[in-house]
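Asker: One structure is given below, represented as structure tokens, and several questions about it will come after.
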Amino acid sequence: MSSRAFMRTAARAASRAAARPQVQRRALSALANAAARPTVRSTSAAVSGVRGVQTINFGGTEEIVHERSDWPQEKLLEYFKNDTIALIGYGSQGHGQGLNMRDNGLNVIVGVRKGGASWNAAKDDGWVEGKNLFDVTEAIQKGTIIMNLLSDAAQSETWPEIQPYLTKGKTLYFSHGFSPVFKELTHVEPPKDIDVILVAPKGSGRTVRSLFKEGRGINSSYAVWNDVTGKAEEKAIALAVAVGSGYVYQTTFEREVHSDLYGERGCLMGGIHGMFLAQYEVLRERGHTPSEAFNETVEEATQSLYPLIGKNGMDYMYDACSTTARRGALDWSPKFKDALKPVFNELYDKVVDGTETQRSLDFNSQKDYREKYEKELQEIRDLEIWRVGKEVRKLRPENQ
Numbered sequence: 001m002s003s004r005a006f007m008r009t010a011a012r013a014a015s016r017a018a019a020r021p022q023v024q025r026r027a028l029s030a031l032a033n034a035a036a037r038p039t040v041r042s043t044s045a046a047v048s049g050v051r052g053v054q055t056i057n058f059g060g061t062e063e064i065v066h067e068r069s070d071w072p073q074e075k076l077l078e079y080f081k082n083d084t085i086a087l088i089g090y091g092s093q094g095h096g097q098g099l100n101m102r103d104n105g106l107n108v109i110v111g112v113r114k115g116g117a118s119w120n121a122a123k124d125d126g127w128v129e130g131k132n133l134f135d136v137t138e139a140i141q142k143g144t145i146i147m148n149l150l151s152d153a154a155q156s157e158t159w160p161e162i163q164p165y166l167t168k169g170k171t172l173y174f175s176h177g178f179s180p181v182f183k184e185l186t187h188v189e190p191p192k193d194i195d196v197i198l199v200a201p202k203g204s205g206r207t208v209r210s211l212f213k214e215g216r217g218i219n220s221s222y223a224v225w226n227d228v229t230g231k232a233e234e235k236a237i238a239l240a241v242a243v244g245s246g247y248v249y250q251t252t253f254e255r256e257v258h259s260d261l262y263g264e265r266g267c268l269m270g271g272i273h274g275m276f277l278a279q280y281e282v283l284r285e286r287g288h289t290p291s292e293a294f295n296e297t298v299e300e301a302t303q304s305l306y307p308l309i310g311k312n313g314m315d316y317m318y319d320a321c322s323t324t325a326r327r328g329a330l331d332w333s334p335k336f337k338d339a340l341k342p343v344f345n346e347l348y349d350k351v352v353d354g355t356e357t358q359r360s361l362d363f364n365s366q367k368d369y370r371e372k373y374e375k376e377l378q379e380i381r382d383l384e385i386w387r388v389g390k391e392v393r394k395l396r397p398e399n400q
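Below, the structure written as structure tokens:
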């Protein structure tokens, strides 16, 4: 497609997009960058001078969305002034959420196995032994809010050691519904006499951190498992903002884990990788060069087309492409949907019935799982498509 044609179609798309209601044309992930919301209703603000909670129409369904501005730093500090937040585990989410809370001025301590890789990583990030870095048991005993951010397999393995210290008056926090929802498999059954809440950032811990440092904030969901104090929901929303969320929407533990496991295995990771491989292999088998196959499969998708979808939606991407590209995509999209939907239904069934949970626990509980995982990653690195990609990325202007 010529640059002149692209400019004409992009201009038409931008003109039409500008005429649409702002909220209806944006994905939730774009909300954090928007300042005005012409199609939202606000309830009364909790603090004078701060925008209220918003009710937004998402494709015909109204949902309540809480904003970071509902919980400015001074309000967070006041709300958590008597709390010690014990962050257990220092992996991806522990790193991002912990540093963001520390930067927000909250009293945060980290609990990990002394001398291990996570302990050393925490020390590298400025956590100090005996001040805000402790072993797991001591951190839980000191904490009033216990953030269990260990891996799913580790949560199951360590639960017998952690559970006795979750005494009345404490709050238990998860960032994934995995352990309590599949408690028959994980054996993680939260106490009934304490608040149990969830905040699930929609991205990796590294993204949680980077968006916070950029002054933006990631989108997160929150849920309540137990509400003993009557303040569990409020506490979850406040913590969501404290860990770096820009916008927060309500879910349940069940919906969070089902959608999360399903999405990771589907369009977010597994499914998209499978489609990349299938398209690339066919192109190579039909005589196309490696660079051509990669550019038509991955490079154009990630560098040109997917950013357009992220910016203003699928119709915007279609409208920015040639008429030939549009026609073919519109004709073939239903065929791919019909072919893939049975696979996605099979996947969802296996998520809900616990098959995927058992598979994860079985693999990730093995002592040599890291070595096995690294072997699988190396097999991916060695695939022609990704070896070609490494060379193609070198040719990008920013890498010259």
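In UniProt numbering, the protein residues as written are 1 to 400. Positions of the beta carbon are idealized from the N, C-alpha and C atoms, including for glycine. Fair warning: this is a prediction, and the values are worked out from it, not measured in the lab.
1) Val224 to Pro190, Cα distance in whole Å?
2) With DSSP run on the structure shown, which of helix, strand or coil describes Ser2?
3) When you compare each of Ser204, Pro160, His187 and Ile140 to Tyr173 by their alpha carbons, which one comes out closest?
4) Using only the alpha-carbon positions, how far apart do Glu233 and Asn399 sit?
5) Whose C-beta lies closer than 8 Å to the C-beta of His288 among residues of the same chain, with five residues either side of it excluded?
6) Along the chain, which unbroken stretches of the alpha helix (DSSP H) at least 4 residues long are found entirely within the UniProt domain "KARI C-terminal knotted" (252–399)?
7) Tell me which residues share the same chain as Ala293 and place their Cβ nearer than 7 Å to its Cβ, disregarding the 5 neighbours each side in the sequence.
8) Touch check for the region 58–70 and the region 199–209: three-plus C-beta pairs under 8 Å?
9) Take Gly274 and list the residues in its own chain whose beta-carbon comes closer than 6 Å to its own, dropping the five residues that flank it on each side.
10) Cβ of Val128 within 9 Å of Cβ of Val112?
11) Output the distance between the C-alpha atoms of Trp386 and Ser291, rounded to the nearest integer angstrom.
12) Tell me, which residues are paired with Val199 by DSSP?
13) Under 8 Å: do the region 176–186 and the region 153–161 share three or more Cβ pairs, one atom per stretch?
14) Might you give, ordered along the chain, the residues of its own chain that have their beta carbon closer than 7 Å to the beta carbon of Phe253, omitting 5 neighbours on each side?
15) Look at the alpha carbon of Ser118 and the alpha carbon of Tyr316, and state the distance between them as a whole number of angstroms.
16) Rounding to the nearest angstrom, what Cα-Cα distance links Ile380 and Leu211 in this structure?
17) Using the Cβ count rule (16 or more neighbours within 10 Å means buried), how would you classify Glu67?
18) Have a look at Leu87 and Lys75 and give me their C-alpha separation to the nearest angstrom.
19) Does the beta-carbon of Gln54 have 16 or more other beta-carbons within 10 angstroms, so that it is buried, or is it exposed?
20) Could you give the uninterrupted runs of the beta strand (DSSP E) lying entirely in the region 82–148, keeping only those of 3 residues or more?
21) Pick out whichever of Val352, Gly217, Gly313 and Leu305 has its Cα sitting closest to the Cα of Gly96.
22) Inspect the beta-carbon positions of Ser220 and Ser245 and report whether they are closer than 9 Å.
23) Can you tell me whether Gly89 is buried or exposed, with buried defined as 16 or more other CB within 10 angstroms of its CB?
24) Kindly identify the DSSP beta-bridge partner or partners of Tyr173.
25) Less than 7 Å between C-beta atoms, sequence neighbours within five positions excluded: which residues of the same chain meet that for Tyr318?
26) Rounded to a whole number of angstroms, what is the C-alpha to C-alpha distance between Val343 and Pro397?
27) Please name the residue or residues paired with Tyr249 in a DSSP beta bridge.
28) Report the residue from Asp70, Tyr348 and Leu377 whose alpha carbon sits nearest the alpha carbon of Ala240.
29) If I follow the unbroken alpha helix (DSSP H) through Leu166, where does it start and stop?
30) Can you round the beta-carbon distance between Asn265 and Glu356 to whole angstroms, since I take them to be within the 8 Å contact cut?
31) Answer yes or no: do Arg209 and Leu99 have a C-beta to C-beta separation smaller than 9 Å?
32) Ignore the nearest five residues each way along the sequence and tell me which others in Glu384's own chain have a CB closer than 7 Å to its CB.
33) Rounded to a whole number of angstroms, what is the C-alpha to C-alpha distance between Cys321 and Phe276?
34) Which same chain residues, not among the five before or five after Val351, have their C-beta less than 6 Å away from its C-beta?
35) Is the distance from the Cβ of residue 401 to the Cβ of Thr186 below 9 Å?
Answerer: In short, the structure shows the following:
1) Each residue's alpha carbon lies about 12 Å from the other.
2) Unreliable positioning characterises Ser2 in this predicted model, as indicated by a pLDDT of 41, which lies under 50. The coordinate reading is nonetheless provided below. Ser2: coil per DSSP, three-state reduction.
3) Ile140
4) Those two C-alpha atoms are separated by around 46 Å.
5) Residues of the same chain with a CB within less than 8 Å of the CB of His288, apart from the 5 flanking positions on each side, are Glu296 in chain order.
6) 253–265, 270–285, 290–294, 306–312, 314–319, 323–352, 355–364, 369–381 and 384–394
7) Tyr280, Leu283 and Arg284
8) no
9) In its own chain, leaving out the 5 sequence neighbours on each side, no residue places its CB closer than 6 Å to the CB of Gly274.
10) no
11) Across the structure, Trp386 and Ser291 are spaced so that their CA atoms are roughly 11 Å apart.
12) Tyr222
13) yes
14) Take Phe253, set aside five residues on each side of it, and the residues of its chain with a beta-carbon closer than 7 Å to its own are Gly177, Pro180, Val181, Leu198, Ala223 and Trp225, in chain order.
15) 43 Å
16) Approximately 28 Å between the Cα atoms of the pair.
17) buried
18) 21 Å
19) buried
20) 85–88, 108–111 and 145–148
21) Gly217
22) yes
23) buried
24) Met147 and Ile197
25) Arg326 and Ala329
26) 39 Å
27) Val65 and Ser221
28) Asp70
29) No alpha helix (DSSP H) contains Leu166, which DSSP labels as neither H nor E.
30) Checking the displayed sequence, the identity of residue 265 turns out to be Arg instead of Asn. That pair is a contact at about 7 Å.
31) yes
32) Within the same chain, Glu384 has close Cβ partners Pro290.
33) 20 Å
34) His258, Leu261 and Tyr262
35) An answer regarding residue 401 cannot be provided, because it is not within the stretch 1 to 400 covered by the chain.
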